[in-house]
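Numbering of the sequence shown is given in numbering that gives the first Met the number 0, commencing with residue 0 and proceeding in unit increments.
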Amino acid sequence: MTHLSNYGNDRLGVYTFVNLANFVQSWTNLKLRTLPPLQLAHKYFDLFPEQRDPLWQNPCDDKRHRDIWSKEKTCDRLPKFLVIGPQKTGTTALYLFLIMHPSIISNSPSPKTFEEVQFFNRNNYHRGIDWYMEFFPVPSNVTTDFLFEKSANYFHSEEAPKRAASLIPKAKIITILIDPSDRAYSWYQHQRSHKDPAALKFTFYQVITAGHHASAELKALQKKCLIPGWYATHIGRWLAYFPPYQLLIIDGQQLRNDPAIIMDEVQKFLGVTPHYNYSEALTLHGKTDFIFFEIKPSAL
Ligand SMILES: Nc1ncnc2c1ncn2[C@@H]1O[C@H](COP(=O)(O)OS(=O)(=O)O)[C@@H](OP(=O)(O)O)[C@H]1O
């Protein structure tokens, strides 16, 4: 985009390239050849395969980019923080608590990806940032409104940290951890309840103890079950792209037992205003397996 706008509409650019080509042709033995645009693109990506995967940056971070971007567009429709998972640690509970806050606004749900946008980890990324920003409202107050997105598979994604850091480098990152064996078991039960044929076929014991000689199906299930639990590896990857003060690790057990204290910590970490009184707003009814709460207007 930048190159097209810089050179395509720029007469000096065309002049420079024509003369450069003439110069090379006259003074070297290099044979210059060209191809139709599509074939040229294929050729280029054959030569530089690492450049097939784009890395989107915030168009508003550079004045030159901002100047050539459409006036109808804004960069304010990007999240200020991400809840990255991992799955089965209480991310839905945290999401529901967060959206109780008057200044915290989630993305609209994606019908295709079970409500989560899953932009940074999957091929949705290739749909581009306009596609992503469509999920977010234009904030009524850029300073005080906190847009966010929860995609629980970002946590263990190889690509997500690098891509997120490129587009939203100042974003805060929230992760929840529980005992990885509890997480794995909860995930396995989740798969069974969703009638995953492999999870229905094998016991949890078989899944976690499968060795080299196990069937490909069982090994694949084991990977999906256990890999998100390699907490140090995944957090290390996020920390390679985000400074530690932008990362909040929540104890999932405490979130379950004492959500108001955790939500106070989250508010402080985000720097969100006004302070929302979760102690008043959340009325837990003794059961920890499900989320029960009442929203009290007096909480503000
Ligand atoms: N308030 C609160 N705090 C912490 N944890 C809670 C809370 N409420 C529910 N849960 C438990 O969270 C588990 C589901 O986690 P997720 O919402 O992350 O699952 S998912 O990835 O979105 O499918 C799921 O765990 P399991 O019951 O062990 O499967 C829920 O019981």
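Glycine included, every Cβ here is placed at the ideal spot set by N, Cα and C.
Close Cβ partners of residue i (< 7 Å) along its chain, the five nearest in sequence each way excluded
| i | result |
| --- | --- |
| V141 | D75 |
| P179 | G228 and Y230 |
| K87 | R182, S185, W186 and H189 |
| V23 | L29 and L31 |
| T237 | Residue identity check: residue 237 is Trp in the sequence provided, not Thr. The answer, listed in chain order, is P160, I172 and L246. |
| F154 | I83, G84, P85, T174, P227 and H233 |
Extent of the continuous alpha helix (DSSP H) run through residue i
| i | result |
| --- | --- |
| K222 | A215 to L225 |
| G12 | R10 to W26 |
| T91 | T90 to L97 |
| V206 | F203 to T208 |
| V141 | No alpha helix (DSSP H) contains V141, which DSSP labels as neither H nor E. |
| Y275 | Here Y275 belongs to no alpha helix (DSSP H), and DSSP marks it neither H nor E. |
| F44 | P36 to L46 |
Through-space distance from residue j to residue i, alpha-carbon basis
| i | j | result |
| --- | --- | --- |
| P273 | S214 | 54 Å |
| I128 | K62 | 18 Å |
| Q252 | L269 | 21 Å |
| K169 | N18 | 42 Å |
| H100 | K42 | 51 Å |
| K79 | P138 | 11 Å |
| I83 | T15 | 47 Å |
| L247 | P35 | 50 Å |
| I173 | A20 | 51 Å |
| R65 | Y277 | 39 Å |
| K218 | V13 | 56 Å |
| A183 | F203 | 9 Å |
| S192 | W68 | 47 Å |
| Q245 | E158 | 18 Å |
| H212 | Y94 | 40 Å |
| I103 | F96 | 10 Å |
| T73 | D60 | 12 Å |
| D181 | R255 | 14 Å |
| P243 | V271 | 19 Å |
| N28 | L39 | 21 Å |
| P85 | S25 | 60 Å |
Among the options, the one whose alpha carbon lies nearest that of residue i
| i | options | result |
| --- | --- | --- |
| Q190 | P179, V206, I177 and I175 | V206 |
| D195 | D45, S139 and K223 | K223 |
| K200 | F145, L220 and K42 | L220 |
| L176 | I226, Y230 and A198 | Y230 |
| P58 | D52, P48, E49 and K70 | K70 |
| F306 | T88, L146, N152 and I104 | Outside the displayed span of the chain (0 to 299) sits residue 306, for which this structure offers no information. |
| I261 | T90, W55 and S25 | T90 |
| Q56 | F154, S165, Q245 and F203 | S165 |
| H125 | R162, T282, L81 and S192 | R162 |
| L54 | T232, S102, F203 and P160 | P160 |
| L77 | R236, E49, A92 and K171 | K171 |
| L146 | L37, I167 and F47 | I167 |
Cβ neighbours of residue i in the same chain (closer than 8 Å, five flanking residues each side left out)
| i | result |
| --- | --- |
| V116 | N106, S109, N123, Y131, F134, E148 and S150 |
| E114 | P108 |
Delimiting residues of the beta strand (DSSP E) encompassing residue i
| i | result |
| --- | --- |
| L247 | L246 to D250 |
| F145 | F145 to K149 |
| T174 | K171 to L176 |
| L81 | F80 to G84 |
| I104 | I103 to S105 |
Other residues of its chain near residue i: CB distance less than 6 Å, five sequence neighbours each side excluded
| i | result |
| --- | --- |
| R10 | none |
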